[in-house]
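Peer 1:
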Amino acid sequence: MFIPVLIAAILWQVETPKLVFPWVTSTAPFTSRLCLVNLNQQSQTLMLEARDSAGAKIRKEHVLAANAQLVDDASRLFPELVGLGGFSVFCYVEQGELQGALVIASNGSPSGFSPAQANAMEMDEASHSIVFPFQSGSVESSTAIVLVNLDDEVVAQVVLTAFENDEVVGHADVTVQAGANIAHMLSDLLPEMTATGYVLALSDTPIMGTSFTFNRWVEPAMSHAIPTTAISETNEPNTLLDLFVEHTEAYLDGEMLVIRTDDIPNHASPYFATNDASYEAPHEGMQLNPNRIYAQDFEFRVPLNPKISGTLEETRLGPIGVATNGVVFFNQYAGRTATGWVPLDQEIETFDRFNGHPQQQGAYHYHLEPTYLTESDPSTLIGVMLDGFPIYGPYDADLSVPSDLDACNGHEHVTAEFPNGIYHYHATPEPPYLIGCFKGTAGTLN
Ligand SMILES: [Zn+2]
Ligand SMILES: [Zn+2]
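Residue numbers are given in my numbering: position 46 of the sequence shown equals residue 47, and the series is strictly consecutive.
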């Protein structure tokens, strides 16, 4: 195979880092030493890339002989960054195995030198949710948190939640620039934390974390945050985020979950153009309406932590929620006239076999249970409504039909996704089919 040597420098830019050193510093009283081991039987060309808190990059190439070890001070590897706080180092290799560790030391210690060591991080340690199992806001042992945003293009919005004595004691919203890092003392980020506990970090884009623990002489110890899929009171919204990211552009923005969708179904429909790969012939008895599917640009902003508002808010024409495949939900009416709501009666004839059809602008939507999403599991979570409450198929997890649904078509209990219990809607075979009203406060749609 022909591989032009001249473009090697460009290839580095599209590679995924093999190892990440989340926080390296050569600023007093600390020194850092990077250690890399080439475990291959041939020499390796490495690219070490330092990134500061703005994401600026400095790159250095090194050739490591077979079975060789590189050990060097950060101040020698990146003299440009001495005294400028700290930086991350991303390490790229063309192929093969590479391992590494960081040794950080404080020369402010009474002993004059106080080293701590941690392994370099690998990409599978990045996650939308990571946990720092030990954090301390006490004076005896203070801690610092480092976050690294691995996405080169998207700014990470991270919500930190501090737990102390098994309870939430504080939240902090932090922003990490694309491809960059932040480092803060816990006492600055989460001053509410005064003893020891743990911190959960939820991000809209994958992050890595490292934590430093210091004693009164600022002698460091360090360990990495652990990727987690655990569910707790605060990361329930991340469950929704994870469900939506496959077919939509979904991310967290402070207290809101943002879902952007083109509204194109991921299943066949007679409403696609006949030359579209997703076109299928109408099923028997179906009456095709004159509209066809066109891409939309819908942006839903729904509350991350939905709350029952106490007033039942009427639904509206147009999108009232979004299914996990990015298709929007409409309510149980065909329209509204001076005399009131018009039922769906005739429109139902125009639904394709998955209960969807497009309106005049080409916006495909479900008024009824989206059977494409429920055919393998009728109790599955099918989407989220504008007020942030989730909606499930017609059954509960034990495959019983809910018998206590309220006027909005919902009730509250524990579900697979929300083990602490949550109010949720169910699709039903009779009107209102999806929801009868918003139990919470509706978010916005652009
Ligand atoms: Zn319709
Ligand atoms: Zn239920």
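All residues carry an ideal CB built from backbone N, CA and C; glycine is no exception. Computed from a predicted structure; not experimentally measured.
1) Over what stretch of residues does the beta strand (DSSP E) that includes Leu190 continue unbroken?
2) Under 7 Å from any heavy atom of ligand 2, by CB: list those residues in chain order, please.
3) Going by DSSP, what residues sit across from Ser107 in a beta bridge?
4) Please report the residue range of the alpha helix (DSSP H) in which Arg52 lies.
5) So does the region 335-343 actually touch the region 266-274, counting three or more Cβ pairs closer than 8 Å?
6) DSSP beta-bridge partners for Phe477?
7) Answer yes or no: the CB of Ala335 versus the heavy atoms of ligand 1, is any distance below 8 Å?
8) Please go through the region 61-91 and give each complete beta strand (DSSP E) segment of 3 or more residues, from N-terminal end onward.
9) Closer than 6 Å by C-beta to Glu237: which residues in its own chain qualify, once you throw out the five before and the five after it? Chain order, please.
10) Quick one: grab the DSSP three-state call for Val6.
11) Quick check on DSSP: helix, strand or coil for Thr325?
12) Measure the Cβ-Cβ separation of Val132 and Thr17 and say whether it is below 9 Å.
13) Could you work out which residue in Pro192, Val323 and Ile183 is closest to Tyr365 when comparing CA atoms only?
14) What three-state label does DSSP hand Val15 in the structure shown?
15) Identify the residues that DSSP records as bridge partners of Arg293: which are they?
16) Can you tell me which residues fall inside 6 Å of ligand 1, judged by beta-carbon distance to its nearest heavy atom, and keep chain order?
17) Here's the rule: buried if 16 or more other CB atoms are within 10 angstroms of the residue's CB, otherwise exposed. What is Ala51?
18) Under a three-way DSSP split, which group does Ile436 fall into?
19) With DSSP collapsed to three states, give me the class of Glu314.
20) For a minimum of 3 consecutive residues, which ranges assigned as the beta strand (DSSP E) are wholly contained in the region 137-224?
21) What's the C-alpha gap between Ala145 and Ile227?
22) Taking 8 Å as the cut-off, does the region 149-167 touch the region 198-206 (at least 3 CB pairs, one atom from each stretch)?
23) Between which two residues does the beta strand (DSSP E) holding Leu20 run?
24) Between which two residues does the beta strand (DSSP E) holding Tyr426 run?
25) Fully enclosed by the region 320-397, which alpha helix (DSSP H) runs are 4 residues long or longer?
26) Would Glu431 be called buried (16 or more neighbouring beta carbons within 10 Å of its own) or exposed?
27) Rounded C-beta distance between Thr26 and Gly87? I'm assuming under 8 Å.
28) If we ignore side chains and look at the alpha-carbon of each, how far apart do Tyr426 and Ile436 end up?
29) Identify the continuous beta strand (DSSP E) that holds Ala1 and give its terminal residues.
30) For Asp74 and Gly255, what's the separation of their Cα atoms in angstroms?
31) Report buried or exposed for His284, applying the criterion of at least 16 other Cβ atoms within 10 angstroms of its Cβ.
32) Between the Cα of Leu103 and the Cα atoms of Glu95, Val72 and Gly84, which residue gives the shortest distance?
Peer 2: The answer reads as follows:
1) Annotation for Leu190: no beta strand (DSSP E) segment contains it, though the alpha helix (DSSP H) segment containing it runs Leu187 to Leu190.
2) Tyr393, Asp397, Pro403, His412, His414, Thr416, His425 and His427
3) Note: Ser107 sits in a beta bridge opposite Phe31 and Ser115.
4) Arg52 -> not in any alpha helix (DSSP H); beta strand (DSSP E) instead, spanning Gln45 to Arg52.
5) Taking 8 Å as the limit for Cβ pairs, the verdict is that the region 266-274 does not touch the region 335-343.
6) This structure cannot speak to residue 477, because the chain is shown only from 2 to 447.
7) yes
8) 70-74
9) Confidence at Glu237 is low in this model, with a pLDDT of 49, below 50, so its placement is unreliable and the value that follows should be read with caution. For Glu237, where only same-chain residues beyond five positions count, the Cβ hits under 6 Å are Phe419.
10) Annotation note: pLDDT 44 at Val6 (below 50); position unreliable, coordinate value reported separately. Helix.
11) coil
12) Remark: C-beta atoms of Val132 and Thr17 do not approach each other more closely than 9 Å.
13) Val323
14) In this predicted model, Val15 has a pLDDT of only 47, less than 50, meaning its place in the structure is not dependable enough to derive any value.
15) Looking at the DSSP output, Arg293 shares a beta bridge with no other residue.
16) Phe331, Glu348, His358, Gln360, His366 and His368
17) buried
18) coil
19) strand
20) 143-150, 157-165, 168-177, 182-186 and 197-215
21) 15 Å
22) yes
23) Leu20 to Thr26
24) Ile423 to His427
25) The alpha helix (DSSP H) runs of length 4 or more contained entirely in the region 320-397 are, from start to end of the chain, 372-375.
26) exposed
27) 4 Å
28) 7 Å
29) The structure shown does not extend to residue 1, since the chain is modelled only from 2 through 447, so no value can be given for it.
30) 39 Å
31) exposed
32) Val72
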